[in-house]
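Asks: In the numbering used here, the protein residues as written are 142 to 595. For every residue, glycine included, the Cβ atom is placed at its ideal position computed from N, Cα and C. Handing you a structure now.
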């Protein structure tokens with residue numbers, strides 16, 4: 142372990158990255174995981190490459206299928222710290238063969254500069270961040286391979302790799318920047334903005350899919366998602382509501398509701414059903430993305446969202462929604478936005494009911510304002526991660542009361558108590574939502590019969 146004040150010596154004598162690293166600074170009462178990165182309890186379970194790759198599969202990442210030979214066209218090395226990549230190297234050799242998981246080729250790599258990051262490299266970088274996060278680590282170097290048929294497979298994730306001079310400097314700068322951010326991990330309530338863009342599906346009374354693009358354009362308060370249907374690029378099946386961000390959960394709900402009323406007027410057909418949840422129509426997983434501005438993106442914040450928002454939500458989900466994971470709904474899914482914030486993409490579409498929606502928004506506010514002080518992190522238990530992906534309600538139900546006890550310690554919970562208490566009763570009721578139900582009923586969205594009909 143390295144304890145450092147200046148964050149200068151983050152490597153061992155033989156130029157290996159130290160793991161863990163403990164930063165000496167005023168703790169401010171934060172959870173220890175903010176100051177000791179790559180803690181031993183997160184690294185130890187993955188002592189072997191086999192254990193690492195098996196766990197990455199649980200989180201939906203592609204790894205070499207078996208121990209037989211497999212061709213890899215290109216290889217990448219990507220340095221990751223928290224939610225960002227620090228450097229990306231690509232191999233110079235043309236062809237590699239993996240036999241028994243061992244790379245049979247010399248290792249010659251070139252660092253990609255900013256202007257050389259193409260579509261494939263961006264995909265590789267996203268998968269690298271995802272792989273480090275899935276292992277519960279704060280940093281590491283990811284080795285990936287571009288396999289045949291376009292697949293990118295994770296070959297390994299290394300917590301203590303041997304580094305070149307450039308790599309050492311990149312990690313050093315990342316540690317220093319992180320340490321500077323520590324005092325502002327807690328968001329100012331006056332600066333926090335919450336946004337959202339939940340999705341839903343349209344069907345007719347016989348269950349046939351109706352295209353969102355028949356009613357909406359791509360952009361605006363209500364629009365259709367960019368996902369395509371078949372070969373027709375104009376056919377887009379998912380409706381998305383994009384209310385303006387708000388400072389309070391109440392205001393965000395009101396803006397969302399106004400968007401739903403606008404959608405009803407444009408669709409103008411009481412016989413079209415609105416379906417939400419995780420997978421209300423086969424082949425079309427949908428989400429309830431939550432946007433954050435005014436709170437810094439970090440691995441710890443994503444883990445807080447996973448533990449306190451997504452994990453309890455499993456208790457009320459329709460069992461059909463389990464199939465959404467892990468291709469979608471994997472833990473820690475996020476996307477940075479051009480305005481400087483980010484969207485958390487893991488949850489399914491919670492538009493099922495107003496009680497669910499209000500609870501999610503209020504919970505998001507509590508987590509954003511207090512997460513560094515949380516002490517309960519059940520998803521550090523690998524069995525709870527499996528329970529999440531398997532939809533094991535009984536296993537998850539054991540930990541939810543403890544999470545709620547933790548949340549109720551904070552003043553923001555008391556401000557949001559009506560929404561959160563109602564939501565908690567729903568979570569613990571033993572009832573689940575039905576993804577075949579029209580969400581307009583619980584939202585009291587009027588049918589808007591066509592005025593021209595008699």
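Does the Cβ-Cβ distance between residue 283 and residue 219 come in under 8 Å?
Replies: Yes.
Asks: Taking just the CA atoms, how far does residue 182 sit from residue 155?
Replies: For residue 155 and residue 182, the distance between alpha carbons rounds to 24 Å.
Asks: Candidates 331, 279 and 408: which alpha carbon is nearest residue 344's?
Replies: Ranking 331, 279 and 408 by Cα distance to residue 344 puts 408 first.
Asks: Between which two residues does the beta strand (DSSP E) carrying residue 430 extend?
Replies: Note, residue 430: premise wrong, no beta strand (DSSP E); not H, not E.
Asks: What distance in whole Å lies between the Cβ atoms of residue 519 and residue 540, which are believed to be in contact at a cut-off of 8 Å?
Replies: Their Cβ separation, rounded to whole angstroms, is 4 Å, which keeps residue 540 and residue 519 in contact under 8 Å.
Asks: Can you check whether the CB of residue 320 is closer than 8 Å to the CB of residue 213?
Replies: Cβ distance not < 8 Å, so residue 213 and residue 320 don't count as in contact.
Asks: Any idea if residue 216 is buried or exposed, counting beta-carbon neighbours within 10 angstroms, 16 or more meaning buried?
Replies: Label assigned to residue 216: buried.
Asks: Rounded to the nearest angstrom, what separates residue 460 and residue 176 at their Cα positions?
Replies: Cα to Cα, the separation comes out at about 39 Å.
Asks: Roughly how many whole angstroms lie between the Cα atoms of residue 568 and residue 386?
Replies: Answer to the nearest angstrom: the Cα atoms are 26 Å apart.
Asks: Which full runs of the beta strand (DSSP E) of 3+ residues lie inside the stretch 342 to 404, going along the chain?
Replies: As far as the stretch 342 to 404 is concerned, its whole beta strand (DSSP E) runs of at least 3 residues are 363 to 365 and 379 to 382.
Asks: Among 206, 405 and 335, which has the Cα closest to the Cα of residue 499?
Replies: Ranking the options by Cα distance to residue 499, first place goes to 335.
Asks: Mind pulling the beta strand (DSSP E) runs of 3 or more residues that sit fully within the stretch 312 to 346?
Replies: You should have 334 to 337 and 340 to 344.
Asks: Expressed to the nearest angstrom, what Euclidean distance is found between the alpha-carbon atoms of residue 383 and residue 397?
Replies: Rounded to whole angstroms, residue 383 to residue 397 spans 7 Å at the Cα level.
Asks: Near residue 468, what residues of its chain come up, given a Cβ to Cβ distance below 8 Å and the 5 sequence neighbours on each side ignored?
Replies: For residue 468, where only same-chain residues beyond five positions count, the Cβ hits under 8 Å are 201 and 426.
Asks: Does DSSP classify residue 147 as helix, strand or coil?
Replies: Residue placement at residue 147 is flagged as unreliable, the pLDDT there being 47, under the threshold of 50; a coordinate-derived value is accordingly withheld.
Asks: What's the gap between the Cα of residue 420 and the Cα of residue 365?
Replies: Cα-Cα distance, rounded: 17 Å.
Asks: Can you have a look at residue 325 and say buried or exposed, based on whether 16 or more other CB atoms are within 10 angstroms of its CB?
Replies: When all chains shown are included, residue 325 counts as exposed.
Asks: Buried or exposed: which applies to residue 338, given that a residue is buried once 16 or more other Cβ atoms fall within 10 Å of its Cβ?
Replies: Residue 338 should be labelled buried.
Asks: Could you name the residues of the same chain whose beta carbon sits closer than 7 Å to that of residue 492, not counting the 5 residues immediately before and after it, in chain order?
Replies: Closer than 7 Å at the Cβ level, and outside the excluded window around residue 492, lie 339, 341, 417, 429, 498 and 580.
Asks: Give a yes or no on contact between the stretch 163 to 179 and the stretch 255 to 275, applying the rule of three or more CB pairs nearer than 8 Å.
Replies: No: fewer than three Cβ pairs fall under 8 Å.
Asks: If residue 230 sits next to residue 253, beta carbons under 8 Å apart, how far is it from one beta carbon to the other, in whole angstroms?
Replies: Indeed, because the Cβ distance is near 7 Å, the residues count as touching under 8 Å.
Asks: Measure the CB-CB distance between residue 453 and residue 583 and report whether it falls below 8 Å.
Replies: Not in contact: residue 453 and residue 583 (Cβ atoms no closer than 8 Å).
Asks: Would you mind giving the Cβ-Cβ distance between residue 456 and residue 485, rounded to the nearest angstrom? I have them listed as a contact below 8 Å.
Replies: Not quite, the Cβ-Cβ distance comes to about 19 Å (not below 8 Å), so this is no contact.
Asks: Use the C-beta contact count for residue 228: other C-beta atoms within 10 angstroms, 16 or more gives buried, fewer gives exposed.
Replies: Residue 228 is buried by the Cβ-count criterion.
Asks: Would the stretch 526 to 533 and the stretch 462 to 476 be scored as touching if the rule is three or more Cβ pairs under 8 Å?
Replies: Yes, they touch.
Asks: I'd like to confirm the pairing. Which residues does DSSP put opposite residue 299 in its beta bridges?
Replies: Answer by DSSP bridge pairing, in chain order: 282.
Asks: Taking DSSP as the reference, what is the three-state secondary structure of residue 419?
Replies: In this structure, residue 419 counts as coil in the three-state DSSP scheme.
Asks: Using CA atoms only, rank isn't needed, just tell me which of 479, 362, 506 and 536 is closest to residue 557.
Replies: Out of 479, 362, 506 and 536, 506 has the C-alpha closest to the C-alpha of residue 557.
Asks: Could you check how far apart the C-beta atoms of residue 378 and residue 353 are, in whole angstroms? I think they sit under 8 Å.
Replies: Sure, about 6 Å apart at Cβ, within 8 Å.
Asks: Which value, in whole angstroms, describes the spacing of the CA atoms of residue 413 and residue 392?
Replies: Their backbone Cα atoms lie some 28 Å apart in a straight line.
Asks: So the candidates are 394, 360, 355 and 327; which of them puts its Cα closest to the Cα of residue 169?
Replies: Among 394, 360, 355 and 327, the Cα nearest to that of residue 169 belongs to 327.
Asks: Residue 434 and residue 480 look like a contact to me (Cβ under 8 Å); what is the Cβ gap, rounded to whole Å?
Replies: About 7 Å separates the two Cβ atoms, so the contact holds.
Asks: Please list, in chain order, all residues of the same chain as residue 538 whose beta carbon is under 7 Å from its beta carbon, the five residues on each side excluded.
Replies: Correct list, in chain order: 456.
Asks: With a cut-off of 8 Å on the beta carbons, I'd call residue 394 and residue 380 a contact; round off their distance for me.
Replies: So it is not a contact: roughly 18 Å between Cβ atoms.
Asks: Give the straight-line distance between the Cα atoms of residue 525 and residue 186, rounded to the nearest whole angstrom.
Replies: In a straight line, the C-alpha of residue 525 is about 14 Å away from that of residue 186.
Asks: Under the three-state reduction of DSSP, which class applies to residue 241: helix, strand or coil?
Replies: With a pLDDT of only 47 at residue 241, under 50, the local geometry of the prediction cannot be trusted, and no value is derived from it.
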